[in-house]
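Before any comments, here is the structure.
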Amino acid sequence: MRRLAGVAAGALLVGVTASSGADESVYAARVMRVFDADTVWVQPDTGGRWRKLRLDGVDAPEICQAMGVAARDALAARLLAQAVTVRERAHDSYGRGLVVIEREGEDVNAWLVRTGWAWASRWRGQGVYGKDEDRARDARRGLWATGEAPETPRDFRRRHGPCEPPWPAPASVAR
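Following this line, the structure appears as structure tokens:
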């Protein structure tokens, strides 16, 4: 019975994964705030409330972590007040949309990893942006500029917990 339940759960998971591409939401927006290097707020071109989004496939330093502000500022310089295309595939446990952001046809998530300001999310060694991270490490860009391996955000949160306010104010567009 347990085996049958496991097979059924696995089939359900595969079904959700397979259908997630079909359920992808794509919309045009303007970036209004860059909270940290993997969390942004956008205003959809159709109007309505701002949306808090989490960049999918990347993990950037916490804002209170070494290089966190520099990574945030690099993303803000690239995106703040810019028109973008948002590809939202799901929501995380905090209700943020998990997205790939494109600006002028460029995958900004890939750019963030390629320039060394974020790690590629990997599952069992695989990840969409894994090769971009390897190249950034080899070229000593961003987080790897010193040649020392930076602490991953996950390990940082385990040791220190979440960043406590006050943290550096997010970059935002004046209303």
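If you read the sequence shown in my numbering, its first letter stands for residue 4, the second for the next number, and so on.
Glycine included, each C-beta is placed from N, C-alpha and C at the ideal position.
Source: prediction; values computed, not measured.
- By the Cβ criterion, the segment 113-127 is in contact with the segment 136-151, since at least three pairs of Cβ atoms, one from each stretch, lie closer than 8 Å.
- Here Gly100 is near Val89, since their CB atoms are less than 9 Å apart.
- For Ala174, the beta-bridge partners assigned by DSSP are Val37.
- Excluding sequence positions up to five before and after Ala79, its CB lies within less than 7 Å of the CB of Val37 and Ala174, all in the same chain and listed in chain order.
- Residue state for Pro156 is assigned as helix, using DSSP reduced to three classes.
- The C-alpha of Ala73 lies about 18 Å from the C-alpha of Pro168.
- Membership of Glu105 in the beta strand (DSSP E) is indicated by the continuous run Gly100 to Arg106.
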